[in-house]
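Q:
In the numbering used here, the protein residues as written are 87 to 256.
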């Protein structure tokens, strides 16, 4: 029922989602080392979201008889020099993930794989939200990050973020 191309793209996405979790954990570690526990919290939650996204793909594949092939997860190799580096890298990474989701969607559309398209609809919306959130965080950092009091308040705000698992029903 599912083409080899769709199976390959879905398996690749599982790997990329787990990589995203690793990447965001590396950002969280950077902020912990720099005394910004709120920023660390924000990225730890991002990592949890990405892990859960990977598991949603795995569940979809399992439920539809698609063989799940877990591949090695690359080590993040990004160099972070200042507080803005992770934020900008995060936005670029979200754009990259959006492109990956769009490629799977386009392949599913080409193959008239309506089930996969329907599954991906939530991810298309989610990626729009992820890019918006990452962009807004950069704007806030540009506005307040150069001032120590502003940075402190922004860090406090990000520390209040809590994790809410995705409500996607498969």
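Beta carbons: idealized from backbone N, C-alpha and C, even for Gly.
All values derive from a computational prediction rather than experimental measurement.
Can you tell which of 99, 94 and 90 has its C-alpha closest to the C-alpha of residue 183?
A: Here the closest residue by C-alpha is 99.
Q: Less than 9 Å between the beta carbons of residue 117 and residue 169, yes or no?
A: Yes, the Cβ-Cβ distance between residue 117 and residue 169 is below 9 Å.
Q: Taking just the CA atoms, how far does residue 148 sit from residue 242?
A: If you take the alpha carbons of residue 242 and residue 148, they lie about 40 Å apart.
Q: For the segment 89 to 109 and the segment 189 to 202, state whether three or more C-beta atom pairs, one from each stretch, are separated by less than 8 Å.
A: Short answer: they touch.
Q: At a cut of 8 Å, does the segment 105 to 112 reach the segment 126 to 139 through at least three beta carbon pairs?
A: Taking 8 Å as the limit for Cβ pairs, the verdict is that the segment 126 to 139 does touch the segment 105 to 112.
Q: Please return the same chain residues whose Cβ sits closer than 8 Å to the Cβ of residue 256, not counting the five positions on each side in sequence.
A: Low confidence applies here, because residue 256 scores a pLDDT of 49, under 50, leaving its location unreliable; read the following figure in that light. For residue 256, where only same-chain residues beyond five positions count, the Cβ hits under 8 Å are 142, 145, 146, 149 and 205.
Q: Output the distance between the C-alpha atoms of residue 123 and residue 158, rounded to the nearest integer angstrom.
A: Between residue 123 and residue 158, the C-alpha separation is close to 29 Å.
Q: Measuring alpha carbon to alpha carbon, tell me which of 245, 209, 239 and 219 ends up nearest residue 253.
A: The shortest Cα separation from residue 253 among 245, 209, 239 and 219 belongs to 209.
Q: I want to check one thing, is the minimum distance from the CB of residue 240 to the heavy atoms of the ligand NAP below 8 Å?
A: The model on display carries no ligand, and the ligand NAP is accordingly not part of it.
Q: Roughly how many angstroms separate the alpha carbons of residue 238 and residue 134, rounded to a whole number?
A: In a straight line, the C-alpha of residue 238 is about 24 Å away from that of residue 134.
Q: So, residue 190 versus residue 111, is the Cβ gap smaller than 9 Å?
A: No; because the gap between Cβ atoms is not below 9 Å, this pair is not in contact.
Q: What is the DSSP secondary structure of residue 194, counted as helix, strand or coil?
A: It is helical.
Q: Under the three-state reduction of DSSP, which class applies to residue 100: helix, strand or coil?
A: Correct three-state label for residue 100: helix.
Q: Decide if residue 129 is buried, meaning its Cβ has at least 16 other Cβ atoms within 10 Å, or exposed.
A: Residue 129 should be labelled buried.
Q: Measuring CA to CA, which of 126, 88, 225 and 222 is closest to residue 153?
A: Measuring from the Cα of residue 153, the nearest candidate turns out to be 88.
Q: Around the Cβ of residue 102, are there at least 16 other Cβ atoms within 10 angstroms (buried) or fewer (exposed)?
A: Looking at its Cβ environment, which holds 16 or more other Cβ atoms inside 10 Å, residue 102 is buried.
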